[in-house]
Amino acid sequence: MRNLKYAILGLVNREPMTGYDIKKAFEDRALTSFWHAEHSQIYPELKRLVDEGMLNFDTDIRGEKMEKKLYTITPAGRNEFLEWLKDDVPVERTYKDIFRLRTFYSESLTDEEFLTLLKSQLKQHKEKRDHLAEIRRSVFLDTPPEKGTRELGDYMVLDGAVLREESYVAWLEHCIKIFR
């Protein structure tokens, strides 16, 4: 399944956007907490969506060479996006986590090497948790927005990312205790 397709359709469903706007949205506070896409993935997907009739664009010429495409969702794109949105998919069998895989094989490391990795991961996850929590505080004042607003979905995803990092931090702290 081309999940990036639906991530882009959802963004453009909210409002018309340029490719640059879409790229920036993937770096935005809420979306980046659970989804990532590179420039090299976004632009080919935009072309496919236009070719499939899911998106249209208007071209705005700036200066002699600067071309800016403003993408809008078509009725077919909106229908497909809404069908995808309503689909209740089963939970993925396994979330891939490279550090947990390394932990699984940690007996091949020295005690010092593995403890160093644990401490490094703990530091990184605490920083990520704190960063996400600060965004939640600064944008939402730690108060959920009203139902029916797009901000509520943004808040819930961001809140989930904070909770995910809190859980990871707790797991790493637990591992360090076990290991010592």
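Here this note's numbering is used: the first residue of the sequence shown is 223, the next is one more, and so on.
Ideal Cβ positions, reconstructed from N, Cα and C, are used throughout, including at glycine.
For clarity, every value in this text was computed on a predicted model and none was experimentally measured.
Continuous beta strand (DSSP E) stretch holding residue i: start and end
i	result
Glu289	288 to 295
Euclidean distance between Cα positions of residue i and residue j
i	j	result
Ala247	Leu253	7 Å
Cys397	Lys318	19 Å
Asp280	Gly375	29 Å
Arg315	Leu323	15 Å
Ala355	Glu286	44 Å
Phe401	Thr325	11 Å
Tyr336	Arg224	Position check: residue 336 holds Phe in this sequence, whereas Tyr was assumed. Whole-angstrom Cα-Cα distance: 37 Å.
Thr338	Glu373	39 Å
Residue i and residue j closer than 9 Å at C-beta
i	j	result
Leu271	Gly299	yes
Ser255	Val379	yes
Leu292	Pro238	yes
Leu394	Leu331	no
Glu267	Ile230	yes
Glu289	Ile283	yes
Glu387	Arg351	yes
Lys245	Met276	no
DSSP-derived helix/strand/coil call for residue i
i	result
Leu331	coil
Phe321	helix
Phe336	helix
Phe279	strand
Arg372	helix
Phe300	Looking at the sequence provided, one finds Arg at residue 300 rather than Phe. Of the three classes helix, strand and coil, the one that applies to Arg300 here is helix, per DSSP.
Arg315	coil
Leu226	helix
Arg402	coil
Phe362	helix
Asp381	helix
Enclosing alpha helix (DSSP H) for residue i [first to last residue]
i	result
Phe256	Careful: Phe256 lies outside any alpha helix (DSSP H) and carries neither H nor E.
Pro266	261 to 273
Per DSSP, the bridge partner or partners of residue i
i	result
Met239	Tyr293
Arg284	Met288
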